[in-house]
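Under this note's numbering, residues 22 to 113 are what the sequence shown spells out, in order. All residues carry an ideal CB built from backbone N, CA and C; glycine is no exception. Please read all numbers here as calculations on a predicted model, not as lab measurements. Structure record follows, encoded as structure tokens.
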Amino acid sequence: SRAAEELGLGKSLHERLMYECGYEHIMLDTQYRMTPALSQFPSQRFYDGKLINASNVLRPSYANRCTMMGGVAYTLYQINGTERQADSGSLE
């Protein structure tokens, strides 16, 4: 919200700790939970293609081990409904 930004809260706590405290930081670049097909999007979108898939998710036995409602490793569902914005600015 604008009020939060005016109070200096326009950045997350994580961003403030990383960039404003003056300490060195490193990026943890190996992911251990998503299949490579699923990790490709966050790697490209948020990490400039720098995420590495750990060896456990590259094994054939890892593929399709987690499913929901008989779907494949990840499934998108259409949810019909609406969102409302509260007076505070939050979505309900």
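Strand pairing of residue i, partner residues [DSSP]
i: residue 106; result: 112
i: residue 51; result: 73
Closest residue to residue i among the options (Cα-Cα distance)
i: residue 35; options: 47, 24, 27; result: 47
Buried versus exposed call for residue i [16 or more other C-beta atoms within 10 Å across all chains shown]
i: residue 112; result: exposed
i: residue 74; result: buried
DSSP three-state assignment for residue i, whether helix, strand or coil
i: residue 25; result: helix
i: residue 33; result: coil
i: residue 84; result: coil
i: residue 79; result: helix
Own chain residues within Cβ distance below 8 Å of residue i, not counting five before or after
i: residue 72; result: 50, 51, 52, 60, 63, 64
i: residue 54; result: 78
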